[in-house]
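Remarks on the structure that follows.
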Amino acid sequence: VIIEYAPQQGDLDHIHTIYRDPTNDYGRNLSSNSSWLLAVGGWLLVVLPTTAGAHRLDEYLQATRVAIERERVDVDIDLTAGVSIAGQVTTWIDVNGDGEISQAESFAYARRC
Amino acid sequence: VDRPRVVAEAVGGGGRGGGIVFGRDEYFIAFLGAPSASSPWMLQFGGHHLAINVTVVGSDNVMTPSLPAAQPARYVLNGQTIRPLGNENDKGFALIAALDENQKKQAILNYQVRDLVLGRATTARSFSRGHARVVDECETAADAARHCAQWVGILNDEGASAKMAEIKTNLPRRTSRGVDRRPTVSSRITGSRDQR
Numbered sequence: 112v113i114i115e116y117a118p119q120q121g122d123l124d125h126i127h128t129i130y131r132d133p134t135n136d137y138g139r140n141l142s143s144n145s146s147w148l149l150a151v152g153g154w155l156l157v158v159l160p161t162t163a164g165a166h167r168l169d170e171y172l173q174a175t176r177v178a179i180e181r182e183r184v185d186v187d188i189d190l191t192a193g194v195s196i197a198g199q200v201t202t203w204i205d206v207n208g209d210g211e212i213s214q215a216e217s218f219a220y221a222r223r224c
Numbered sequence: 017v018d019r020p021r022v023v024a025e026a027v028g029g030g031g032r033g034g035g036i037v038f039g040r041d042e043y044f045i046a047f048l049g050a051p052s053a054s055s056p057w058m059l060q061f062g063g064h065h066l067a068i069n070v071t072v073v074g075s076d077n078v079m080t081p082s083l084p085a086a087q088p089a090r091y092v093l094n095g096q097t098i099r100p101l102g103n104e105n106d107k108g109f110a111l112i113a114a115l116d117e118n119q120k121k122q123a124i125l126n127y128q129v130r131d132l133v134l135g136r137a138t139t140a141r142s143f144s145r146g147h148a149r150v151v152d153e154c155e156t157a158a159d160a161a162r163h164c165a166q167w168v169g170i171l172n173d174e175g176a177s178a179k180m181a182e183i184k185t186n187l188p189r190r191t192s193r194g195v196d197r198r199p200t201v202s203s204r205i206t207g208s209r210d211q212r
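What follows is the structure, given as structure tokens:
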């Protein structure tokens with residue numbers, strides 16, 4: 112059994128932990144049904160990148176969703192700044208440095224993105 | 017089970033679930049395979065900062081790998097301070113406090129690790145460095161077990177009891193021939209401003 116407890120540094124309360132038993136992940140020792148393990152493994156390869164992920168402190172995380180319909184395509188972009196670079200990202204948006212993001216500043220940043 | 021039957025239902029306001037942004041709409045419950053008393057199946061509860069994977073085969077179940085995490089780790093709701101991982105934090109520091117000075121020299125690293133070492137997309141089975149084996153006294157072993165129980169206890173009582181019995185059996189312990197240091201239980205604990 113491996114347990115990690117990793118409080119993230121910075122002003123925010125932000126903790127990652129993980130509980131693993133590498134010899135028995137997904138119950139590999141419990142089941143002799145290989146088709147089950149293969150099938151579940153395929154699903155988990157798809158799911159784990161999102162479910163087991165917690166954003167890193169020094170990355171600017173982008174998540175883009177594309178919805179394709181008959182006559183239109185909607186694109187939503189979520190941008191989440193890690194705490195280590197949040198100040199830098201703020202300066203990109205709040206260009207006049209008054210501590211507030213105006214509508215004009217937000218539109219300008221959205222257009223640049 | 018011929019093929020996993022996936023039934024996913026968003027919990028909350030009907031969001032798509034499984035996203036990487038915050039909010040209750042992003043959390044989901046999924047069943048892989050049909051719940052059965054004998055055939056394998058799996059329950060997932062996940063979202064941002066949470067991935068609980070429980071595999072069930074008959075009366076046995078395991079909860080590995082799972083990722084309980086929190087942000088914020090302390091907040092006030094209805095006048096009460098909530099610490100989602102407070103017990104995990106406190107039991108960890110209780111374990112460190114139970115060590116003698118020599119054990120603390122082994123256990124407390126002189127550098128910081130910013131994030132999980134064995135998180136997602138890793139297959140390593142142990143920490144490559146800085147892993148101090150410090151559990152060799154009965155009282156310390158009890159503290160280590162209490163620390164582990166914070167995670168194992170997420171399972172139902174039957175599953176958690178079985179796993180805790182296994183963990184207690186495999187904790188390094190002092191024997192008549194010396195210290196049995198089989199490193200079958202590992203925990204890396206880094207400093208936190210939540211320390212008390």
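As you go down the protein sequences, you meet chains A and B in turn.
Under this note's numbering, the first residue of the first sequence is numbered 112, with each subsequent residue one higher.
Under this note's numbering, the first residue of the second sequence is numbered 17, with each subsequent residue one higher.
Idealized CB from N, CA, C, for every residue including glycine.
Taking its Cβ as the centre, do 16 or more other Cβ atoms sit within 10 Å of residue i, making it buried, or is it exposed?
i: T80 of chain B; result: buried
i: R176 of chain A; result: exposed
i: G207 of chain B; result: With a pLDDT of 43 at G207 of chain B, under the threshold of 50, the predicted position of this residue should be treated as unreliable, and no value is reported.
i: V92 of chain B; result: exposed
i: R139 of chain A; result: buried
i: F44 of chain B; result: buried
i: T201 of chain A; result: exposed
i: I98 of chain B; result: exposed
i: N207 of chain A; result: exposed
i: S177 of chain B; result: exposed
i: A89 of chain B; result: buried
Indicate the three-state DSSP secondary structure (helix, strand or coil) for residue i in the structure shown.
i: F38 of chain B; result: coil
i: E211 of chain A; result: coil
i: D76 of chain B; result: strand
i: Y91 of chain B; result: strand
i: A163 of chain A; result: In this prediction, A163 of chain A has a pLDDT of 45, which is less than 50 and means its spatial position is unreliable; what the coordinates show is noted afterwards. If DSSP states are grouped into helix, strand and coil, A163 of chain A belongs with coil.
i: S217 of chain A; result: helix
i: R222 of chain A; result: helix
i: N69 of chain B; result: strand
i: L156 of chain A; result: Model confidence at L156 of chain A stands at a pLDDT of 44, short of 50, so the residue's coordinates are unreliable and nothing is read from them.
i: D71 of chain A; result: Beyond the ends of chain A as shown, which are 112 and 224, falls residue 71 of chain A; an answer cannot be given.
i: A234 of chain B; result: Because residue 234 of chain B is not part of the residues shown, which for chain B are 17 to 212, the question remains open.
i: E176 of chain B; result: The sequence shown places Ala at residue 176 of chain B, not Glu. In the structure shown, A176 of chain B sits in a helix (DSSP, three-state: H, G or I).
i: A192 of chain A; result: strand
Grab the span of the alpha helix (DSSP H) containing residue i for me, first residue to last.
i: Q199 of chain A; result: A197 to I204
i: G63 of chain B; result: Element bounds for G63 of chain B: not the alpha helix (DSSP H) but the beta strand (DSSP E), W57 to G63.
i: N103 of chain B; result: G102 to A114
i: Q122 of chain B; result: E117 to A123
Could you pull the start and end residues of the beta strand (DSSP E) that residue i belongs to?
i: I170 of chain B; result: Premise fails: I170 of chain B is in no beta strand (DSSP E) and is neither H nor E.
i: Y137 of chain A; result: No beta strand (DSSP E) contains Y137 of chain A, which DSSP labels as neither H nor E.
i: R131 of chain A; result: I126 to R131
i: P118 of chain A; result: I113 to P118
i: P13 of chain B; result: This structure leaves residue 13 of chain B out entirely; chain B is present only between 17 and 212.
i: V177 of chain A; result: Y171 to I179
i: L132 of chain B; result: Counting along the chain, L132 of chain B falls outside any beta strand (DSSP E), and DSSP gives it neither H nor E.
Inter-stretch contact (C-beta, 8 Å, three-pair minimum) for the segment 126-143 of chain A and the segment 113-125 of chain B: With a cut-off of 8 Å, the segment 113-125 of chain B and the segment 126-143 of chain A do not count as touching, because too few Cβ pairs lie within range.
Give, in chain order, every residue of the segment 76-94 of chain B whose Cβ lies closer than 7 Å to some Cβ of chain A. If you check each beta-carbon in the segment 76-94 of chain B against every beta-carbon of chain A, the ones closer than 7 Å belong to D76, V78, M79, T80, P81, S82, L83, P84, A85, A86, Q87, P88, A89 and R90.
Taking a cut of 8 Å between CB atoms, which residues from the segment 184-199 of chain A lie near chain B? So the list reads D189 and T191, given in the order they occur along the chain.
With 8 Å as the limit, tell me which residues of the segment 112-134 of chain A have their beta carbon closer than that to any beta carbon of chain B; keep them in chain order. If the cut-off is 8 Å between Cβ atoms, the segment 112-134 of chain A has V112, I113, I114, E115, Y116, A117, P118, Q119, Q120, L123, D124, H125, I126, H127, T128, I129, Y130, R131, D132, P133 and T134 near chain B.
Taking Cβ-Cβ distances below 9 Å as the criterion, which residues of the segment 199-211 of chain A are in contact with chain B? Of all residues in the segment 199-211 of chain A, none is placed with a Cβ closer than 9 Å to any Cβ belonging to chain B.
Using Cβ-Cβ distances below 7 Å, what residues of the segment 155-171 of chain B are close to chain A? Contact residues of the segment 155-171 of chain B toward chain A are C164 and W167 (C-beta to C-beta distance below 7 Å).
Near-chain A residues of the segment 61-72 of chain B - C-beta to any C-beta below 8 Å: The segment 61-72 of chain B vs chain A, Cβ under 8 Å: G62, G63, H64, H65, L66, A67, N69, T71 and V72.
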